[in-house]
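The structure appears below as structure tokens.
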Amino acid sequence: MKYTVLLVVGALLCAVPANAMDAETFFAKAVVLQKKGLGAVFAKDLKPMIRVFEEAAKSVKAENEAARAAGTPLFCAPKKYRLNAEQFIGEFSRIPKERRQVQSVRDAWREIVIRRFPC
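Be aware that the sequence shown starts at 21, since it is given in our numbering, and climbs by one per residue.
Right, dumping it as structure tokens:
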């Protein structure tokens with residue numbers, strides 16, 4: 021019985037998408053990592069946050085490509101663009117805290133790129 025409960029709980033945890041983190045939690049963790057400077061490389065939160073962001077960015081990019089194919093792109097970013105840590109955190113901080121608390125990282129990133137790269 022005990023093992024069945026553990027298996028069910030484990031399965032439920034695995035079923036939660038990696039991008040389930042809300043934008044406010046992501047933002048707060050990013051600020052903490054930025055304050056660590058080079059020490060952030062050794063932080064246990066770094067890799068999970070990278071995965072969450074990569075999934076969010078990939079999803080937004082796919083949505084934009086589909087919209088572009090339909091003739092109405094969401095944003096018009098250059099093929100290669102890069103934000104440094106200050107710009108990245110600055111963009112997240114422009115989203116009001118109340119909205120970040122209910123927004124996924126994906127939705128926050130979508131809002132950021134639409135604002136930064138209008139067509």
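Quick reminder that beta carbons are idealized off the backbone N, C-alpha and C, glycines included.
query	result
Comparing alpha-carbon positions, which option in Ala50, Ala90, Glu106, Glu83 lies nearest Met69?	Ala50
So, at 6 Å on beta carbons, what are the nonlocal neighbours of Cys96 in its own chain, with the 5 sequence-adjacent residues on each side left out?	Phe137, Cys139
Taking the alpha carbon of Arg71 as the point to measure from, which residue in Glu106, Lys100, Val125 has its own alpha carbon closest?	Val125
Val133: which of Ala105, Ala86, Leu94, Ala90 sits nearest, CA to CA?	Leu94
Report buried or exposed for Val80, applying the criterion of at least 16 other Cβ atoms within 10 angstroms of its Cβ.	buried
Using DSSP with H/G/I as helix, E/B as strand and the rest coil, what is Asp65?	coil
For Glu44 and Lys100, which I take to be in contact (beta-carbon distance under 8 Å), what is that distance rounded to the nearest angstrom?	The Cβ separation is near 29 Å, so there is no contact.
Ordered along the chain, which non-local residues of its own chain (more than five positions away) have a Cβ less than 8 Å from that of Val122?	Asp42
At what residues does the alpha helix (DSSP H) containing Asp127 begin and finish?	125-136
Leaving out five residues on either side along the sequence, give the residues of the same chain with a beta carbon under 6 Å from the beta carbon of Glu131.	none
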